[in-house]
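S.K.: Residue numbers (the working numbering): 27 to 117. Just so you know, even glycine gets a beta-carbon here, dropped at the ideal spot from N, CA and C.
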């Protein structure tokens with residue numbers, strides 16, 4: 027079978043497939059997003075987690091929600107991603 031795709035396989039990272047939920051990767055990612063909302067977007071620390079959850083549920087990602095609400099119109103995905111700390115950088 028001849029394909030025009032440059033890929034010969036795909037890898038899907040499903041919950042608890044590659045990383046156990048016990049290592050804290052999910053919680054570290056949530057903290058990084060909360061820090062981004064506070065440090066880069068100016069939201070209050072006490073409201074960051076609730077906002078993250080609300081935007082995720084409504085838009086599918088926090089960044090998509092921020093873009094839709096015009097809070098970060100000029101910020102590209104790559105720039106936003108590059109400002110977030112690595113999940114285990116502090117450990």
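1. Verify whether the separation of the beta carbon atoms of residue 60 and residue 75 is less than 7 Å.
2. In whole angstroms, what is the alpha-carbon distance linking residue 37 and residue 45?
3. Return the chain-ordered list of same chain residues with a C-beta closer than 7 Å to the C-beta of residue 64, the five sequence neighbours on each side being excluded.
4. What are the start and end residues of the alpha helix (DSSP H) that includes residue 75?
5. Quick check: what's the CA-CA separation for residue 84 versus residue 78?
6. How close, in whole Å, do the beta carbons of residue 68 and residue 81 come, if the pair is a contact with beta carbons under 8 Å?
7. Just verifying my parser: in three-state terms, what is the DSSP assignment at residue 88?
M.R.: Let me lay it out:
1. Looking up residue 60 in the chain shown gives position 34. Looking up residue 75 in the chain shown gives position 49. Yes, the pair counts as a contact, with Cβ atoms nearer than the cut-off.
2. Counting from one through the chain shown, the residue named residue 37 turns up at place 11. Counting from one through the chain shown, the residue named residue 45 turns up at place 19. Computed Cα separation, rounded: 14 Å.
3. Locating residue 64 in the chain shown gives position 38, where the first residue counts as 1. 71, 74, listed in sequence order.
4. By 1-based counting over the chain shown, the position of residue 75 is 49. Segment 71-85, the alpha helix (DSSP H) holding residue 75.
5. Numbered from 1 along the chain shown, position 58 holds the residue referred to as residue 84. Numbered from 1 along the chain shown, position 52 holds the residue referred to as residue 78. Between the alpha carbons of residue 84 and residue 78 lies a distance of about 10 Å.
6. Walking along the chain shown from the start, residue 68 turns up at place 42. Walking along the chain shown from the start, residue 81 turns up at place 55. Actually they are not in contact, since the Cβ atoms of residue 68 and residue 81 sit about 15 Å apart, beyond 8 Å.
7. In the chain shown, counting from the first residue as 1, residue 88 sits at position 62. Note: residue 88 maps to helix in three-state DSSP.
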